[in-house]
Amino acid sequence: MRKFLLASISLLTVVTLLAACGPKPTEAPTEAPAELSVEDCPKPEVFCVGLVTDVGKIDDKSFNQSTWEGVKKAEAELGALVQYIETTDSKDYAKNIAQFA
14 MRKFLLASIS LLTVVTLLAA CGPKPTEAPT EAPAELSVED CPKPEVFCVG LVTDVGKIDD
74 KSFNQSTWEG VKKAEAELGA LVQYIETTDS KDYAKNIAQF A
């Protein structure tokens, strides 16, 4: 009985090692995503981000720039289509936001 148990454990160990050392399954090639445009934004599978800045520039080394860097990260990591509008007058917020609605 002891020989049988030892042989079974040895066989199980060898099979496990061989399975772990086997080749990895090959991944199917994926197609490159098509270029997105603003017209694609209404589609549910397309992730679009429209940023309306506070009064100031996109590179103001403050809130606008930090927000833009986050939006660019979403573009790089998630494939988002991104655009921005720099607000020059606080009266233009509603108009600028409506452009992305």
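Note that the numbering used here has the sequence shown beginning at 14, numbered continuously upward.
Built from N, CA and C at the ideal position, the CB exists for glycine as well.
Item	Value
Please confirm if the segment 72-92 is in contact with the segment 106-114, defined as three or more CB-CB distances below 8 Å between the two stretches.	no
Would DSSP call residue 121 helix, strand or coil?	With the chain covering 14 to 114 only, the question about residue 121 has no answer from this structure.
Can you give me the Cβ contacts of residue 99 inside the same chain, cut-off strictly under 7 Å, excluding the 5 residues immediately before and after it?	66, 70 and 71
Which residue's Cα is closest to the Cα of residue 57: 26, 110, 94 and 78?	94
Please report the residue range of the alpha helix (DSSP H) in which residue 110 lies.	106-113
Helix, strand or coil for residue 71 per DSSP?	coil
If you compare alpha carbons, which of 62, 15 and 48 is closest to residue 110?	62
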